[in-house]
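Worksheet: one structure, shown below.
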Amino acid sequence: GAGVSQSPRYKVAKRGQDVALRCDPISGHVSLFWYQQALGQGPEFLTYFQNEAQLDKSGLPSDRFFAERPEGSVSTLKIQRTQQEDSAVYLCASSLARSGDEQYFGPGTRLTVT
Amino acid sequence: GENVEQHPSTLSVQEGDSAVIKCTYSDSASNYFPWYKQELGKRPQLIIDIRSNVGEKKDQRIAVTLNKTAKHFSLHITETQPEDSAVYFCAATLNNAGNMLTFGGGTRLMVKP
Chain A
1284 GAGVSQSPRY
1294 KVAKRGQDVA
1304 LRCDPISGHV
1314 SLFWYQQALG
1324 QGPEFLTYFQ
1334 NEAQLDKSGL
1344 PSDRFFAERP
1354 EGSVSTLKIQ
1364 RTQQEDSAVY
1374 LCASSLARSG
1384 DEQYFGPGTR
1394 LTVT
Chain B
158 GENVEQHPST
168 LSVQEGDSAV
178 IKCTYSDSAS
188 NYFPWYKQEL
198 GKRPQLIIDI
208 RSNVGEKKDQ
218 RIAVTLNKTA
228 KHFSLHITET
238 QPEDSAVYFC
248 AATLNNAGNM
258 LTFGGGTRLM
268 VKP
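Listed in order, the protein sequences are those of chains A and B. Its first residue numbered 1284, the first sequence is counted upward by one per residue in the numbering used here. Its first residue numbered 158, the second sequence is counted upward by one per residue in the numbering used here.
If you want it as structure tokens, here you go:
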């Protein structure tokens, strides 16, 4: 079946622009996570949804970052007034159950802020 | 919160040799430890995981060991092949709802033919 998909795969933004990154999780997956992966580093947690509820946003680096999942499926990560330090790969992952389970990752969106 | 350290950061082996990657974690409550393989420009893919109720798990050429007392776990790849070349990440989490993964810094494995 289809895995986690993300779009766009690549995004170049000028400093100060707003961007929106989309994640389509595996159908039926309850949990959805966003991670940020800087070059040469491991992914770092940003935020977590259980269905449409955002239960943890402790990893969002600033109030310029906002995520939503209004119908409990597709999620959007929005970054306002992008800065150069926002350049990274943004990974989305989903898992089936409410409790602990394997997380399946999407291919990521590589954001470059110039 | 959880902190995961991973060593080495790079590892070069000859085809057919074994490779070992080690991780330590800080939160004794963590009970789920997955390993992901990430090829250049690709998504992280789960290759093996272990839960805290077992000490070792094997899947063909890949094995993972866990020492809960010492809070460290290791990935062992035997008979390495060039296609094993990738970046490997360990992770740790408390296996409950909303269990974000805390990742190590990654190990770039290069298998020379």
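Glycine is no exception: its CB is placed at the ideal position from the N, C-alpha and C atoms.
* Alpha-carbon to alpha-carbon, A:S1288 and A:V1313 -> Here the question's residue 1313 of chain A lines up with position 30 in the first sequence. Here the question's residue 1288 of chain A lines up with position 5 in the first sequence. The straight-line gap from Cα to Cα measures roughly 16 angstroms.
* Asked: What are the residues of the region 201 to 216 of chain B that lie near chain A, defined by any Cβ-Cβ distance shorter than 8 angstroms?
  -> P201, Q202, L203 and D206
* To do: Answer yes or no: does any C-beta atom of chain A fall closer than 8 angstroms to that of B:L258?
  => Numbered from 1 along the second sequence, position 101 holds the residue referred to as residue 258 of chain B. So yes, B:L258 belongs to the interface.
* Consult DSSP for B:P191 and reduce its assignment to one of helix, strand or coil. => The residue you call residue 191 of chain B lines up with position 34 of the second sequence. In the structure shown, B:P191 falls within a strand segment according to DSSP collapsed to helix, strand and coil.
* **Proximal residues of chain A, C-beta to C-beta of B:F190 below 8 angstroms** => Position 33 of the second sequence holds residue 190 of chain B. Correct list: empty, because the minimum Cβ distance to chain A is about 11 angstroms.
* For B:H164, write down the residues that DSSP places opposite it in a beta bridge. => As a working mapping, residue 164 of chain B is identified with position 7 in the second sequence. DSSP, once it has assigned bridges, lists B:K179 as partnering B:H164.
* Asked: Looking at C-alpha atoms only, which residue of B:K215, B:M257 and B:D184 is the closest neighbour of B:H229?
  -> Sequence index remark: in the second sequence, residue 229 of chain B carries index 72 (1-based). The option with the nearest alpha carbon to B:H229 is B:D184.
* So, using beta-carbon positions, are B:K199 and B:S209 closer together than 8 angstroms? -> Reading the second sequence from its first residue, position 42 is the one you call residue 199 of chain B. Reading the second sequence from its first residue, position 52 is the one you call residue 209 of chain B. Not a contact, by the Cβ cut-off of 8 angstroms.
* To do: With DSSP as the reference, label A:E1351 as helix, strand or coil.
  => Counted from its first residue, the first sequence places residue 1351 of chain A at position 68. In this structure, A:E1351 counts as strand in the three-state DSSP scheme.
* In three-state DSSP terms, what is A:D1301? -> Counting from one through the first sequence, the residue named residue 1301 of chain A turns up at place 18. In the structure shown, A:D1301 adopts coil according to DSSP, grouped into three states.
* Asked: Where does B:E213 sit, in a helix, a strand or coil, going by DSSP?
  -> Within the second sequence, residue 213 of chain B is the residue found at index 56, counting from 1. B:E213 falls in the strand class under three-state DSSP.
* Asked: In the structure shown, what three-state DSSP assignment does A:P1366 receive?
  -> In the first sequence, residue 1366 of chain A corresponds to position 83, counting from 1. Pro is not the amino acid found at residue 1366 of chain A; the sequence shown has Gln there. If DSSP states are grouped into helix, strand and coil, A:Q1366 belongs with coil.
* For A:D1307, which three-state DSSP category applies? -> As a position in the first sequence, residue 1307 of chain A is number 24, starting the count at 1. In the structure shown, A:D1307 adopts extended strand secondary structure according to DSSP, grouped into three states.
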